[in-house]
Amino acid sequence: MLPGAEKMSRYRIDGGDMAALSGLLLRARAKAEQQGRPVRMLSCYEAGLDGHWLHRWLAQNKIVNHEVDASSIEVNRRARRAKTDRIDLAQLMRSFLAYLRGEPRVCSMVRVPTPEDEDRKRRTRERERLLTERTGHSNRIKGLLHGQGIRDAAPLQPDFLSDLDKMCTGDGRALPPHLKDEIRREHERLLLVHKQIKALEVANAAAHRAPPSGSVEAKVVQLAQLRAVGPQ
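Following my numbering, the numbering of the sequence shown begins with 1440 at its first residue and continues without gaps.
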């Protein structure tokens, strides 16, 4: 929306077509500069799967960008709501303009991390995902055995596979061969995930022992060194 415009213009650009976006922004800047006043270009989009690369590209091109937390945009929860790109864009623009006017609680902006800070979080986030995967594999094995009347299985114990060959169903039969094969494959996936978790934990421990200056890890180490706060 250009200064003084009463209506919002809409343009459709394919995702990732930076040449088209760059050309559109250059034309918009040139048109705004015709008014003879300093031009500051602002933009916003909903934070999501695209990450922060577009924010950084816009910043490199002298555009002040904001990433909006989509869940913070107020909507009428009771009313049935049509949802189209046109309506979503209008709602986003209304919220963004209200935010720029300083109106409270219209929406929240995401704090965009530096590429270095973002990369440092990778190991922690990957470990969290792997922990969920490990629990899923373990529960799957326990569930398969529970369905045969075996309730005390410990899939991560070193002797689990050797014990598997000795297990009997609740009615005294040997475990069916296809079931055992399925459990073995599930166990292979469990051990792989478990190994990756341990490797990440070693890497995280090393990072906390020698954290980069000014990083989040360095601040955590400094906080851990605090013993107490006295009356003085």
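Note that the Cβ used here is the ideal one computed from N, Cα and C, for glycine as well. Here the structure is a predicted model, which is why all the values come from computation and not from measurement.
Query raised in the report: How many Å lie between D1591 and E1567 at the Cα?
Result: For the purposes of this step, residue 1591 is taken as residue 152 along the sequence shown, with counting starting at 1. For the purposes of this step, residue 1567 is taken as residue 128 along the sequence shown, with counting starting at 1. Their backbone Cα atoms lie some 26 Å apart in a straight line.
Requested in this report: Hey, could you find the ends of the beta strand (DSSP E) H1491 is sitting in?
Outcome: Here residue 1491 refers to the residue found at position 52 when the sequence shown is read from its first residue. Careful: H1491 lies outside any beta strand (DSSP E) and carries neither H nor E.
Query raised in the report: Are the beta-carbon atoms belonging to R1579 and E1625 less than 8 Å from one another?
Result: Stepping through the sequence shown from its first residue, residue 1579 is reached at position 140. Stepping through the sequence shown from its first residue, residue 1625 is reached at position 186. Yes, they are a contact pair.
Query raised in the report: What separation, rounded to the nearest whole angstrom, lies between the Cα atoms of Q1671 and A1663?
Result: The residue labelled residue 1671 in the question sits at position 232 within the sequence shown. The residue labelled residue 1663 in the question sits at position 224 within the sequence shown. Interpretation of Q1671 is limited by its pLDDT of 48, a score under 50 that renders its predicted location unreliable; no figure is taken from the coordinates.
**Report entry** Nonlocal neighbours in the same chain, by C-beta distance under 7 Å from A1613, ignoring five residues either side
**Finding:** To locate residue 1613, count along the sequence shown from 1; it is residue 174. If we look at A1613 and ignore the five residues flanking it on each side, its Cβ neighbours are C1607.
**Report entry** Cβ contact (3+ pairs, closer than 8 Å) linking the segment 1534–1545 and the segment 1496–1514
**Finding:** yes
Query raised in the report: Where are the alpha helix (DSSP H) runs, 4 residues long or more, that stay fully inside the segment 1595–1671, in chain order?
Result: 1599–1603, 1616–1648, 1655–1663
Query raised in the report: Near V1659, which residues of its chain fall below 8 Å by C-beta distance, leaving aside the five closest residues on each side in sequence?
Result: On the sequence shown, residue 1659 is found 220 positions in, with the first residue counted as 1. Only H1647, P1650 meet the Cβ criterion.
Requested in this report: For R1628, collect the residues of the same chain with a Cβ closer than 7 Å to its Cβ; drop the 5 residues on either side in sequence, then sort them by chain order.
Outcome: One-based indexing of the sequence shown puts residue 1628 at position 189. So the list reads H1576, once near-sequence residues are dropped.
Query raised in the report: Considering E1557, what are the terminal residues of the alpha helix (DSSP H) in which it resides?
Result: Taking the first residue of the sequence shown as position 1, residue 1557 is located at position 118. Element bounds for E1557: 1554–1559.
Query raised in the report: In the DSSP assignment, what residue or residues form a beta bridge with N1504?
Result: Translated into positions along the sequence shown, residue 1504 becomes position 65. Answer is S1482, bridged to N1504.
Report task. Return helix, strand or coil for D1453, following the three-state DSSP convention. Result -> Numbered from 1 along the sequence shown, position 14 holds the residue referred to as residue 1453. The answer is coil: DSSP assigns D1453 none of H, G, I, E or B.
Query raised in the report: Helix or strand or just coil, what does DSSP make of M1447?
Result: For the purposes of this step, residue 1447 is identified with residue 8 of the sequence shown, where counting begins at 1. M1447 falls in the coil class under three-state DSSP.
Report task. Starting from the Cα of A1486, find the closest Cα among D1453, D1602, I1622, S1547 and give me that residue. Result -> Taking the sequence shown and counting its residues from 1, one reaches residue 1486 at position 47. Answer by Cα proximity: S1547.
Requested in this report: Going by DSSP, name the residue or residues bridged to M1710.
Outcome: With the chain covering 1440 to 1671 only, the question about residue 1710 has no answer from this structure.
Report task. Kindly give me the distance between the Cβ atoms of P1594 and K1605, rounded to whole angstroms, as I take these residues to be in contact under 8 Å. Result -> Taking the sequence shown and counting its residues from 1, the one referred to as residue 1594 is at position 155. Taking the sequence shown and counting its residues from 1, the one referred to as residue 1605 is at position 166. So it is not a contact: roughly 15 Å between Cβ atoms.
Requested in this report: Please state whether DSSP places R1476 in a helix, a strand or coil.
Outcome: The residue labelled residue 1476 in the question sits at position 37 within the sequence shown. Here R1476 sits in coil by DSSP.
Report task. Taking only the alpha-carbon atoms, compute the straight-line gap between G1653 and Q1661 and give it to the nearest angstrom. Result -> Along the sequence shown, read from residue 1 onward, the residue named residue 1653 stands at position 214. Along the sequence shown, read from residue 1 onward, the residue named residue 1661 stands at position 222. Those two C-alpha atoms are separated by around 11 Å.
Query raised in the report: To which residues of the same chain is L1464 closer than 8 Å at the C-beta, ignoring the five residues directly before and after it?
Result: The residue you call residue 1464 lines up with position 25 of the sequence shown. These residues qualify, in order along the chain: M1480, N1500, I1502.
Query raised in the report: What three-state label does DSSP hand A1471 in the structure shown?
Result: Taking the sequence shown and counting its residues from 1, the one referred to as residue 1471 is at position 32. If DSSP states are grouped into helix, strand and coil, A1471 belongs with the helices.
Query raised in the report: Helix or strand or just coil, what does DSSP make of A1593?
Result: As a working note, residue 1593 is residue 154 in the sequence shown. Residue state, collapsed to three classes: coil.
Requested in this report: Would you mind stating whether L1528 and I1636 have Cβ atoms separated by less than 8 Å?
Outcome: Here the question's residue 1528 lines up with position 89 in the sequence shown. Here the question's residue 1636 lines up with position 197 in the sequence shown. It is not a contact, given that the beta carbons lie outside the stated cut-off.
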